[in-house]
């Protein structure tokens, strides 16, 4: 596959835990700063952002599970939360970002022809917003997917619980696939580095994944621009 041009789209997948920490003042400031960054980056190149559901979605899913809802119904609850996050972020960005986030990959691709950045949440049961980001990237022939998380990369253990956990600077798809597929069951509300649909989609399309912490905005901008950054890069050869 020939190298993608520097102006090729970039797709960001931001975890819901960054958007809704539970502290209103902190969340308000994060939305303001993140939207300002997206506005600057989106003027320089085509940009699409998917928003996760985080703790809020997981709480609704657990409530629904206790009420006997099916996995599909639980997925649909989580999707509604991701769309609320997308709506809030899109409103903060303002025009030309569509105020009503697209509800499908096809709609998002069409919107990007007229606006950047484009923001959306989930699309359908069985697809996390990471998976949606990967499908978008493949459809757009994106230069990369940037996974924006509350941890600055992929580690061999949870660094919030294990101070000696080691961050991987680079991984191959197979190395990531073993970890993701070995730990994920596909049940609604799971939390893992990147979902199985996303891993397989990006590996087939040979689109690199960059995993970066979401609170260092300068570092995040470097990851989006393809410059050297602190985090983890996953690619065909781990380079």
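Residue numbers (this note's numbering): 123 to 361.
Positions of the beta carbon are idealized from the N, C-alpha and C atoms, including for glycine.
Source: prediction; values computed, not measured.
Identify which residue in the options has its Cα closest to the Cα of residue i.
| i | options | result |
| --- | --- | --- |
| residue 134 | 198, 207, 239 and 187 | 239 |
| residue 300 | 283, 158, 282 and 321 | 321 |
| residue 317 | 297, 293, 253 and 327 | 253 |
| residue 273 | 260, 261, 266 and 289 | 289 |
| residue 267 | 129, 355 and 236 | 355 |
| residue 331 | 284, 340 and 259 | 259 |
| residue 206 | 192, 195, 217 and 221 | 221 |
| residue 292 | 285, 160 and 352 | 352 |
| residue 249 | 193, 335 and 357 | 193 |
| residue 347 | 358, 334 and 359 | 334 |
| residue 339 | 277, 157 and 359 | 157 |
| residue 179 | 218, 217 and 144 | 144 |
| residue 233 | 219, 245 and 196 | 219 |
| residue 294 | 326, 165, 230 and 281 | 326 |
| residue 137 | 296, 275 and 229 | 275 |
According to DSSP, simplified to helix, strand and coil, what is residue i?
| i | result |
| --- | --- |
| residue 357 | strand |
| residue 194 | helix |
| residue 218 | coil |
| residue 299 | helix |
| residue 310 | Because the pLDDT at residue 310 is just 47, under 50, the model does not fix this residue reliably, and the value given afterwards should be weighed accordingly. Correct three-state label for residue 310: coil. |
| residue 334 | strand |
| residue 350 | coil |
| residue 245 | coil |
| residue 209 | helix |
| residue 141 | helix |
| residue 237 | coil |
Starting from residue i, follow its DSSP beta bridges and name the residues at the other end.
| i | result |
| --- | --- |
| residue 341 | According to DSSP, residue 341 bridges with nothing at all. |
| residue 173 | 136 |
| residue 266 | 132 |
| residue 365 | This structure cannot settle anything about residue 365, because the visible part of the chain is limited to 123 through 361. |
| residue 294 | 357 |
Please report the residue range of the alpha helix (DSSP H) in which residue i lies.
| i | result |
| --- | --- |
| residue 242 | Here residue 242 belongs to no alpha helix (DSSP H); instead the beta strand (DSSP E) covers 240-242. |
| residue 250 | Residue 250 -> no alpha helix (DSSP H), and no H or E assigned at all. |
| residue 154 | 146-166 |
| residue 228 | 227-234 |
| residue 282 | That residue, residue 282, is in no alpha helix (DSSP H); it is neither H nor E in DSSP. |
| residue 325 | 318-327 |
With the cut-off set at 8 Å, would you say residue i and residue j are in Cβ contact?
| i | j | result |
| --- | --- | --- |
| residue 243 | residue 208 | yes |
| residue 212 | residue 241 | yes |
| residue 214 | residue 162 | no |
| residue 256 | residue 323 | yes |
| residue 167 | residue 132 | yes |
| residue 173 | residue 141 | yes |
| residue 235 | residue 329 | no |
| residue 337 | residue 344 | no |
| residue 195 | residue 186 | yes |
| residue 182 | residue 199 | yes |
| residue 177 | residue 139 | yes |
| residue 191 | residue 342 | no |
Residue range of the beta strand (DSSP E) that residue i falls in?
| i | result |
| --- | --- |
| residue 136 | 132-136 |
| residue 189 | Element bounds for residue 189: n/a, residue is neither H nor E. |
| residue 273 | Residue 273 -> no beta strand (DSSP E), and no H or E assigned at all. |
Can a CB atom of chain B be found closer than 8 Å to the CB of residue i?
| i | result |
| --- | --- |
| residue 270 | Of the chains in the structure shown, none is chain B; there is only one protein chain. |
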